[in-house]
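Presented below is the structure to which this report refers.
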Amino acid sequence: MVYEKVRFIIADHLGLDEEKISLDTTITEDLEADSLDAVEIIMAIEDEFSIEIPDEQVENFVSLRDIVEYVETQL
Numbered sequence: 178m179v180y181e182k183v184r185f186i187i188a189d190h191l192g193l194d195e196e197k198i199s200l201d202t203t204i205t206e207d208l209e210a211d212s213l214d215a216v217e218i219i220m221a222i223e224d225e226f227s228i229e230i231p232d233e234q235v236e237n238f239v240s241l242r243d244i245v246e247y248v249e250t251q252l
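Numbering (my numbering), first residue to last: 178 to 252.
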């Protein structure tokens, strides 16, 4: 459930097909998201799951898996 929602948020924000995004997809390299995209994606994830993600934690996010695992620990 978390994976599907996060994948949808990223795909929707970047205008991509969800099928092109997997757990091992990297946000900045594979999807070519810039820092503004990353901030907006994190804000959308925080809103969707009603959580706060500290900036220090965001710096550790490389792949979609990193984000999903963090969100799951917060729910």
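For glycine and all other residues, C-beta sits at the position ideal for the given N, C-alpha and C.
For Ile-187, the enclosing alpha helix (DSSP H) stretches over residues 179-191.
With contacts defined as CB atoms closer than 9 Å, Ile-204 and Phe-238 qualify as a contacting pair. Sixteen is the threshold: when 16 or more other Cβ atoms of the shown chains lie within 10 Å of the Cβ of Leu-241, as they do, the residue is buried. Secondary structure at Ser-199: coil, using DSSP grouped into helix, strand and coil. Distance from Val-248 to Ile-228 at the Cβ level is roughly 7 Å; contact confirmed, criterion being Cβ atoms closer than 8 Å.
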